[in-house]
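Residue numbers (this note's numbering), protein chains in the order written: chain A, 16 to 451; chain B, 16 to 451.
Note that CB positions come from ideal geometry on N, CA and C, so glycine has one too.
Predicted model only: the values in this text are computed from it and were never measured.
Structure, as structure tokens:
Protein chains: 2
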Amino acid sequence: MELDINKNMNIAKTSLPRVVIIGGGFAGLATINGLKDQEVQVVLIDKHNYHTFQPLLYQVATGGLEPDSIAYPLRKVIKDIPNFYFRLAEVSNIDTNKRKIHTNIGKLKYDYLIIATGSKTNYFGNTNIEKFSMAMKNVPQSLNLRSLILENFEDALLTSNLEERNALMNFVIVGGGPTGVELAGALAEMKKGILPKDYPDLDIRQMQINIVQGGRLLKAMSEKASEKAEDFLIKLGVNIYKSVHVTNYDGYNVETDTDLAFKSCTVIWAAGVSGELINGLEGECVIERAARIKVDEFNKVIGYKNIFAIGDIACMDTKEFPKGHPMMAQPAIQQGKHLAKNLIAQLENKDIRPFKYNDKGSMATIGRNKAVVDLPKWKFQGVFAWFVWMFVHLFSLIGFRNRAVVFFNWVYNYIRFDRETRLIIRPFKNKNKQSF
Amino acid sequence: MELDINKNMNIAKTSLPRVVIIGGGFAGLATINGLKDQEVQVVLIDKHNYHTFQPLLYQVATGGLEPDSIAYPLRKVIKDIPNFYFRLAEVSNIDTNKRKIHTNIGKLKYDYLIIATGSKTNYFGNTNIEKFSMAMKNVPQSLNLRSLILENFEDALLTSNLEERNALMNFVIVGGGPTGVELAGALAEMKKGILPKDYPDLDIRQMQINIVQGGRLLKAMSEKASEKAEDFLIKLGVNIYKSVHVTNYDGYNVETDTDLAFKSCTVIWAAGVSGELINGLEGECVIERAARIKVDEFNKVIGYKNIFAIGDIACMDTKEFPKGHPMMAQPAIQQGKHLAKNLIAQLENKDIRPFKYNDKGSMATIGRNKAVVDLPKWKFQGVFAWFVWMFVHLFSLIGFRNRAVVFFNWVYNYIRFDRETRLIIRPFKNKNKQSF
């Protein structure tokens with residue numbers, strides 16, 4: 016049976032202007048929220064049918080949270096909003112002349128197009144690393160990593176070759192940003208509290224957790240946060256290599272631009288992201304290097320009248336951030352909100368206002384009672400920072416159920432020193448051997 | 016890198032007798048529990064690293080529960096028990112002469128072998144149905160079904176061919192046992208409360224839920240339970256076809272042994288199970304038809320001295336159950352417990368006792384406030400039965416965290432008429448299009 020896709024996506028034609036939003040991340044959802052109850056038709060397109068709360072993906076990968084508690088159905092976001100549609104689709108390209116997007120389920124006309132496609136892992140052209148290393152940008156990838164970590168320990172039990180066993184228990188995290196630091200901390204806590212009990216017949220002390228990083232850790236944060244994070248990680252037994260770049264990985268041997276080398280079965284690449292570009296935009300608006308889209312101060316794509324970009328994919332050249340805002344949740348949410356306001360103003364022939372980023376600060380958690388927080392006027396680290404981190408993340412999750420389940424898991428894990436979702440639901444290494 | 020598997024599985028050799036248990040289901044875990052703190056070495060083998068709480072798989076498939084809340088890590092079950100081992104492996108055959116099992120990770124000697132491999136879906140030799148229909152015997156299968164159900168509705172939106180759209184919204188459940196009945200009820204509740212809001216641009220009234228069944232519903236339960244379940248389902252809008260057998264399915268057309276035929280993109284096969292046999296047993300102990308293993312009243316496999324079978328795979332011929340006990344949790348748990356006691360008695364040269372099944376009754380839920388319960392001395396249906404069903408299932412789950420998360424989800428779903436895990440984490444239809 017073939018579905019008829021040579022047509023519109025069955026979106027009702029109305030006299031309302033149609034706003035098509037590509038991507039249901041932080042930016043896209045903020046816009047949706049700002050546009051509800053307004054005189055527009057909104058079509059949200061995403062390749063997943065759920066919003067992913069990316070900041071907690073590392074906890075899924077390390078068995079601390081169930082994936083379903085950090086994902087939220089996009090249809091539930093827009094349900095009960097009249098004239099709002101969702102379509103599960105992947106956009107292949109934009110026809111800016113005909114004002115249409117082309118997707119795997121058909122074409123769709125837009126009056127206004129909002130590109131909120133976010134970012135993807137950047138391997139800087141190294142195809143070997145792309146092939147053999149693990150990424151952690153979406154739920155399936157995090158589940159793959161969760162499976163791989165556990166499968167490695169199961170395999171480590173079976174070999175009497177010491178080098179192999181160590182390689183199976185050797186984790187190399189490339190990149191010392193929040194993702195790398197938080198994952199390293201979580202692995203270190205698994206090493207301390209979970210694995211020795213789960214694998215009493217393995218010498219878990221042999222497990223190594225390495226962060227390889229070009230500059231200092233958390234380089235987007237303050238020096239103090241950086242130092243303290245390093246301090247916390249070292250106390251947790253993590254090896255930190257600075258001023259080192261990983262240059263190659265073949266699934267077993269990790270090469271760097273120094274004498275440093277590892278034998279490891281698990282390399283997690285958290286060294287960079289680039290925009291998730293869509294074909295069809297032309298001219299100076301596409302910044303090849305970072306794969307981001309140049310926008311003006313109203314998030315309007317340079318050279319186009321009715322196309323906007325927000326969040327990670329958008330690069331707004333400001334005094335404070337000449338290379339664009341940091342690719343994080345806050346700029347995305349703020350740009351999404353702001354664009355919704357401007358769009359409404361524009362439709363009502365009112366003045367539109369340039370975007371101004373309100374830096375609320377940034378934070379990272381290293382583990383139990385250990386976090387670093389940089390607020391604009393106050394930087395602090397330790398237990399209180401950890402509570403602030405938890406509160407902010409809990410509050411940012413979408414949906415009461417998700418908040419409650421995450422909160423319960425955190426309390427449980429804290430009291431019991433546990434991480435119970437250490438499940439290999441879909442084997443990663445032995446994909447072909449899967450019998451279901 | 017090749018793991019060295021041409022050897023023992025690195026299980027320490029001791030003077031203790033080694034009990035190898037294949038399968039970490041209800042039966043296997045009950046034995047584990049009974050053997051802890053005894054003078055034995057226990058090796059648990061399972062192809063998953065978690066225990067699956069099968070009675071709630073249908074709630075995973077219908078977006079009511081996250082998969083991780085009905086799975087429990089097997090390593091956590093045995094952690095802190097000295098001399099207890101777990102190995103993630105699939106057993107290919109048993110060498111009863113050399114008292115060894117052969118697995119994909121090597122061989123292992125046993126002194127006592129306990130087969131608790133459970134059951135698998137029985138297609139009665141119909142390869143078409145096996146190829147095109149969905150089963151619901153483990154977590155990945157339930158997640159596949161969850162994805163398929165949601166993908167079908169996404170596709171239904173896109174077609175203007177009425178027949179195709181109806182086929183996408185037509186669900187055929189083959190088998191009217193607890194699995195079929197519970198799944199039909201859950202789908203009916205999705206139809207009522209969730210789907211019209213999620214898909215306002217689809218006419219969800221066209222969605223059809225059909226149960227096709229050879230005899231009466233819930234035939235293992237009382238007539239009263241059967242009638243009431245039928246009554247509940249009809250009120251929920253489920254079509255029930257009795258005295259009909261599905262004979263073929265090609266992914267679109269469902270044929271039966273009557274004039275009845277369906278066009279459906281989703282057939283769920285819940286019409287039968289058969290034992291999950293292992294190669295290597297010989298003689299009269301193997302019952303080909305049901306693929307079960309004949310055991311005596313001590314759960315000892317007929318013809319062998321130190322091999323036992325418990326749970327679904329075991330067929331004990333008793334007066335009450337000449338074809339073996341029902342393939343359900345209760346006989347499995349009771350046999351597991353009992354065998355552990357007998358094994359200890361045998362090792363201590365005490366008398367062993369024959370197994371006696373204590374029928375605690377059975378139950379099934381149809382939906383919100385609707386369940387049927389048959390206790391030995393009391394049969395009841397409705398709201399109270401539903402609370403009893405929930406209490407018993409919550410209580411039977413393994414682990415405090417799982418119980419708490421399931422309980423919270425149930426309360427939330429009850430109050431909000433919701434099922435929030437309607438997520439397509441791994442697409443099922445478009446597996447090849449997966450970009451991760």
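Legend entry - Complete alpha helix (DSSP H) runs within the stretch 99-160 of chain A (minimum length 4 residues, chain order): Runs of the alpha helix (DSSP H) inside the stretch 99-160 of chain A: 142-147.
Legend entry - Residue closest to L198(B), alpha-carbon to alpha-carbon, out of G79(B), F41(B), A419(B) and D126(B): Residue G79(B) is the option with its Cα nearest to L198(B).
Inset, instruction - Give a yes or no on contact between the stretch 132-139 of chain A and the stretch 51-58 of chain A, applying the rule of three or more CB pairs nearer than 8 Å. - result: Because the criterion of three Cβ pairs below 8 Å is not met, the stretch 132-139 of chain A and the stretch 51-58 of chain A do not touch.
Inset, instruction - Going by CA-CA distance only, name the one from R416(B), F410(B) and M378(B) that's closest to F399(B). - result: With distances taken between Cα atoms, F399(B) lies closest to M378(B).
Legend entry - Chain-ordered chain B contacts of G414(A) [CB-CB under 9 Å]: By Cβ distance, chain B contributes E435.
Legend entry - Terminal residues of the beta strand (DSSP E) in which T262(B) lies: Under the DSSP assignment, T262(B) falls in the beta strand (DSSP E) whose first and last residues are V261 to Y264.
Legend entry - Where W393(A) falls: helix, strand or coil (DSSP): If DSSP states are grouped into helix, strand and coil, W393(A) belongs with coil.
Inset, instruction - Check the C-beta distance from R90(A) over to N64(A) and give it rounded, since I have them as a contact under 8 Å. - result: Right, their Cβ atoms sit about 7 Å apart.
Inset, instruction - Let me know if R434(A) comes out buried or exposed under the rule of 16 or more other beta-carbons within 10 Å of its beta-carbon. - result: Taking every protein chain shown into account, the CB of R434(A) has 16 or more other CB atoms within 10 angstroms, so this residue is buried.
Inset, instruction - Output yes if chain B places a C-beta closer than 9 Å to the C-beta of A419(A); else output no. - result: With 9 Å as the cut-off, A419(A) counts as an interface residue toward chain B.
Inset, instruction - Can you pull the chain B residues whose beta carbon is under 8 Å from the beta carbon of S84(A), in chain order? - result: The contacting residues are E81.
Legend entry - Option nearest Y214(B) by Cα separation, candidates I93(A), A150(A) and R383(A): Put simply, of I93(A), A150(A) and R383(A) the residue whose alpha carbon is nearest the alpha carbon of Y214(B) is I93(A).
Legend entry - CB contact flag (N254(A), Q223(A), <9 Å): Yes, they are a contact pair.
Inset, instruction - Look at the alpha carbon of G195(B) and the alpha carbon of A276(B), and state the distance between them as a whole number of angstroms. - result: About 19 Å.
Inset, instruction - Please determine, among L71(A), N167(A), E242(A) and N364(A), the residue with the shortest C-alpha to C-alpha distance to R418(A). - result: Among L71(A), N167(A), E242(A) and N364(A), the Cα nearest to that of R418(A) belongs to L71(A).
Inset, instruction - Let me know the secondary structure DSSP gives Q223(B) once reduced to three states. - result: When DSSP states are grouped into helix, strand and coil, Q223(B) belongs to the strand group.
Inset, instruction - For F453(A), count neighbouring Cβ atoms within 10 angstroms of its own Cβ and tell me buried if that reaches 16, exposed if not. - result: The first residue shown for chain A is 16 and the last is 451, placing residue 453(A) beyond what the model contains.
Inset, instruction - Report the three-state DSSP secondary structure of I93(A) (helix, strand or coil). - result: I93(A): helix per DSSP, three-state reduction.
Legend entry - For I129(A) and R383(A), the rounded distance between their alpha carbons: So the alpha carbons of these two residues sit roughly 39 Å apart.
Legend entry - In DSSP terms, what L59(B) is bridged to: The partner list for L59(B) (beta bridge, DSSP) reads I36(B) and F101(B).
Inset, instruction - Answer yes or no: do V106(B) and I144(B) have a C-beta to C-beta separation smaller than 9 Å? - result: Not closer than 9 Å, so no.
Inset, instruction - Answer with yes or no whether the minimum CB distance from G121(B) to chain C is below 9 Å. - result: Absent here is chain C; the protein component of the structure consists of chains A and B.
Inset, instruction - Pull up the CB-CB distance for G192(B) and I381(B), whole angstroms please, since I reckon it's below 8 Å. - result: So it is not a contact: roughly 13 Å between Cβ atoms.
Legend entry - Residues of its chain near K243(B), where Cβ-Cβ distance is below 7 Å and the 5 sequence neighbours each way are ignored: The answer, listed in chain order, is V387 and Q396.
Inset, instruction - Report the partner residues of K385(B) according to the DSSP bridge assignment. - result: Answer is G382(B), bridged to K385(B).
Inset, instruction - Out of L44(B), I120(B) and N225(B), point me to the one whose CA is closest to A285(B)'s CA. - result: Selected option, being the one with the closest Cα: N225(B).
Inset, instruction - Tell me, please, whether the CB atom of A27(A) is closer than 9 Å to any CB atom in chain B? - result: Interface residue, yes.
Legend entry - Bounding residues of the beta strand (DSSP E) (the contiguous stretch that carries R307(B)): Residues R307 to V310.
Inset, instruction - Evaluate P82(B) with the Cβ neighbour count: other Cβ atoms within 10 Å of its Cβ, from every protein chain shown; 16 or more gives buried, anything less gives exposed. - result: Buried is the call here.
Inset, instruction - My understanding is that Y264(A) touches S148(A), with C-beta atoms under 8 Å, so please give their C-beta distance in whole angstroms. - result: The C-beta distance from Y264(A) to S148(A) rounds to 6 Å, short enough to meet the 8 Å contact threshold.
Inset, instruction - Taking F168(A) and L210(A) to be in contact with their CB atoms under 8 Å, please state how far apart those CB atoms are, rounded to whole angstroms. - result: Sure, about 7 Å apart at Cβ, within 8 Å.
Inset, instruction - Determine, using beta-carbon pairs with one atom in the stretch 95-106 of chain B and one in the stretch 159-177 of chain B, whether at least three such pairs fall under 8 Å. - result: The stretch 95-106 of chain B vs the stretch 159-177 of chain B: no contact.
Legend entry - C-alpha distance - M405(A) paired with K394(A), whole-angstrom precision: Cα to Cα, M405(A) sits roughly 16 Å from K394(A).
Legend entry - Residues near I413(B) by beta carbon distance below 8 Å, same chain, minus five either side: Contacts found: L44, H66, F68, Y87 and V92.
Legend entry - Counted within 10 angstroms of its Cβ, other Cβ atoms place G230(B) as buried (16 or more) or exposed: Exposed.
Legend entry - Any beta strand (DSSP E) of 3 or more consecutive residues that is wholly inside the stretch 194-220 of chain A: Correct list: empty.
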